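What follows is a set of notes on a single structure, which appears directly below.
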Amino acid sequence: MRQVVEYLASQELGGRFPATAGDTLASDYLAGQLRRLHLKPVVKGKKQKGYFQDFSFGKTEQITSHNIIAVLPGKDKHLKHEYILVGAHYDHLGLGGKESGSRRPDTLGVHPGADDNASGDAVILALARHFKKAKMPRSIIFAFFGAEEQGIVGSKSFVEWMKQEDARRINLPADLKGIVAMVNLDMVGRMRDSSLSVSGTGTSTQFQAIAEQAAAQTGLHIRCTPDGYGPSDQASFVAADIPVFYLTTGGHMEYHTPDDVPSTLNYDGMQQTLAFTEELVARLASLPEAPDFINVPSCQQMSHAKFKVTLGLMPDVTGASTTPGVRADIVVAGKPAHAAGMRSGDIIVEIDGKPVKDIQEYMERLSELQAGTTIPVKVLRGDETIILQVHLNTPEP
Numbered sequence: 008m009r010q011v012v013e014y015l016a017s018q019e020l021g022g023r024f025p026a027t028a029g030d031t032l033a034s035d036y037l038a039g040q041l042r043r044l045h046l047k048p049v050v051k052g053k054k055q056k057g058y059f060q061d062f063s064f065g066k067t068e069q070i071t072s073h074n075i076i077a078v079l080p081g082k083d084k085h086l087k088h089e090y091i092l093v094g095a096h097y098d099h100l101g102l103g104g105k106e107s108g109s110r111r112p113d114t115l116g117v118h119p120g121a122d123d124n125a126s127g128d129a130v131i132l133a134l135a136r137h138f139k140k141a142k143m144p145r146s147i148i149f150a151f152f153g154a155e156e157q158g159i160v161g162s163k164s165f166v167e168w169m170k171q172e173d174a175r176r177i178n179l180p181a182d183l184k185g186i187v188a189m190v191n192l193d194m195v196g197r198m199r200d201s202s203l204s205v206s207g208t209g210t211s212t213q214f215q216a217i218a219e220q221a222a223a224q225t226g227l228h229i230r231c232t233p234d235g236y237g238p239s240d241q242a243s244f245v246a247a248d249i250p251v252f253y254l255t256t257g258g259h260m261e262y263h264t265p266d267d268v269p270s271t272l273n274y275d276g277m278q279q280t281l282a283f284t285e286e287l288v289a290r291l292a293s294l295p296e297a298p299d300f301i302n303v304p305s306c307q308q309m310s311h312a313k314f315k316v317t318l319g320l321m322p323d324v325t326g327a328s329t330t331p332g333v334r335a336d337i338v339v340a341g342k343p344a345h346a347a348g349m350r351s352g353d354i355i356v357e358i359d360g361k362p363v364k365d366i367q368e369y370m371e372r373l374s375e376l377q378a379g380t381t382i383p384v385k386v387l388r389g390d391e392t393i394i395l396q397v398h399l400n401t402p403e404p
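Residues 8 to 404, numbered by my numbering, are exactly what the sequence shown covers, in order.
Below, the structure written as structure tokens:
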């Protein structure tokens, strides 16, 4: 997995922006890896191009990129007609810039995207090698989506492609209904305290138990979120009534910057994520009946609300802390929390005299506050309890 990350996040690939030379090198590399495993292509064609599902996008100028997809047929004569899709996006921000989504928009330079999302790609290839040897009753689709950073374009394209008739399509289900579950890995390279965020556990009646069983088997601490929405490729599938899992180890200071490089990743943690995902996919692929689908309303609505204030930090979404509260994963320099003395790693347990036990209460507390005021924020720092006076600013647009 380290070798995969080091190649995809190398300077040579230039940040893997769609339709660039780096995008071509990345897609050729991934297709080559799938071909070496003798997995089935999905488009009639010669050699590696059989793994390419092309798509175009863009408002003023059309850009062409690819999804890289392969299939491992199941061994059960009935269940092999049902498919589990395991995916990760392989694109990133290229050289950054003002319109790229870079957190350093004024800095032009290669954004390697080691965690985002070479880490997920490396785990997918490792899963493909594993399941090639341990064939499952159901068939498994391995997918690397392009143009995720442009608005999950690649996965949306794949979903629409599966809804349409296409004589070139091979080794896939007849239509989208044949995909009975989707597992997405996005930013799984920075595990802390053996903790993993697992979203989508409410999208099927069986998914919470499956996730908990896989965690117990592999010794991971998981933070479960029922809905399957969120800013990554699983959203394309849950919108099509397919139950999903979305796995991530969460944000960090190097996210969407030139500093997201291979040396910053936790490769032992990636091995833990791999073991967990092997258990998860094996259980999905062996269920006696296809999982049902539940349309769970997004519990992330508040995170997209236009808050009147901001603390200027990135909260932990994995639930890695063993105590009630929300850990401040990243405290941004110059912002209100930093100015008040908060440090990355502090655990917020109280805002303006009201308790904060989890991420949802944290978002609720923010929604209650007014700009221009100064409020007390109680944090835990090791064995010490500290009350900080935070002056609240209006959020940036």
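Think of the CB as a built atom: it goes at the ideal place given N, C-alpha and C, for glycine as much as any other residue. Quantities reported herein were computed from a predicted structural model and do not represent experimental measurements.
Per-residue DSSP class, three states only, for residue i
| i | result |
| --- | --- |
| PHE300 | coil |
| SER206 | strand |
| GLU403 | For GLU403, the predicted structure reports a pLDDT of 47, less than 50, and the residue's modelled location is therefore unreliable. The matter cannot be settled from this model. |
| ASN273 | coil |
| GLY127 | helix |
| ALA335 | strand |
| THR380 | coil |
| LYS364 | coil |
| ILE249 | coil |
| LYS47 | strand |
| ALA16 | coil |
| ARG290 | helix |
| TYR36 | helix |
| MET189 | strand |
| SER374 | helix |
| HIS259 | coil |
| SER164 | helix |
| ARG23 | coil |
| HIS228 | strand |
| LEU115 | coil |
| LEU102 | coil |
| THR284 | helix |
| LEU410 | Given a span of 8 to 404 for the chain in the structure shown, any question on residue 410 remains unanswerable. |
| HIS311 | Its pLDDT being 37, under 50, HIS311 is placed unreliably by the model, and nothing is read from it. |
| ARG9 | helix |
| THR31 | helix |
Residue i vs residue j beta-carbon contact at 9 angstroms
| i | j | result |
| --- | --- | --- |
| ASP299 | PRO322 | no |
| ALA53 | ALA38 | Rather than Ala, the amino acid found at residue 53 in this sequence is Lys. In this structure, ALA38 does not lie closer than 9 angstroms to LYS53 by Cβ. |
| ARG43 | ASP98 | no |
| MET194 | THR284 | no |
| VAL93 | VAL166 | no |
| GLU19 | GLY29 | yes |
| PRO233 | THR210 | yes |
| GLY185 | GLU89 | yes |
| ALA129 | LEU15 | yes |
| ALA292 | MET143 | yes |
| LEU395 | THR330 | no |
| PHE151 | LEU134 | no |
| VAL303 | GLY235 | yes |
| LEU192 | ILE249 | no |
| PRO269 | ARG111 | no |
| VAL316 | LEU399 | yes |
| PHE244 | GLY153 | no |
| LEU41 | ILE91 | no |
| LYS220 | ARG136 | The displayed chain sequence assigns Gln, not Lys, to residue 220. For GLN220 and ARG136, no; Cβs fall outside 9 angstroms. |
| VAL84 | SER146 | A small fix is needed here, since residue 84 is Lys in this sequence, not Val. No; because the gap between Cβ atoms is not below 9 angstroms, this pair is not in contact. |
| HIS118 | SER126 | no |
| LYS139 | HIS259 | no |
| GLY319 | GLY352 | no |
| ALA95 | ASP240 | yes |
| SER202 | ARG230 | yes |
CB-CB length for residue i against residue j, believed under 8 angstroms
| i | j | result |
| --- | --- | --- |
| LYS47 | VAL78 | 4 angstroms |
| ASP123 | TYR262 | 6 angstroms |
| LEU254 | VAL205 | 6 angstroms |
| ILE366 | VAL384 | Incorrect: roughly 15 angstroms between the Cβ atoms, too far for contact. |
| ARG334 | ILE354 | 5 angstroms |
| GLN157 | PHE64 | 7 angstroms |
9 angstroms Cβ cutoff, residue i in contact with chain D
| i | result |
| --- | --- |
| LYS163 | As a matter of chain content, chain D is missing from the structure shown, which is built from one protein chain. |
Cross-strand partners of residue i (DSSP beta bridge)
| i | result |
| --- | --- |
| ASP61 | HIS73 |
| TYR369 | TYR369 pairs with nothing; no bridge assigned. |
| PRO322 | ALA335 |
| LYS385 | GLU357 and ILE394 |
| THR330 | None, per the DSSP bridge assignment. |
| PHE152 | HIS96 |
| VAL78 | LYS47 and ILE148 |
| TYR90 | SER146 and ILE186 |
| THR317 | ASN400 |
- Task: Assess, as a yes-or-no matter, whether the segment 219-231 is touched by the segment 149-169 under the definition of 3 or more beta carbon pairs within less than 8 angstroms.
- Result: No, they do not touch.
- the segment 191-203 in contact with the segment 276-287 per 3-pair CB rule at 8 angstroms: At 8 angstroms Cβ cutoff, the stretches touch.
- Just checking, does the segment 55-74 make contact with the segment 103-110 on the three C-beta pairs under 8 angstroms criterion? Under the 8 angstroms Cβ criterion, the segment 55-74 does not count as touching the segment 103-110, having fewer than three qualifying pairs.
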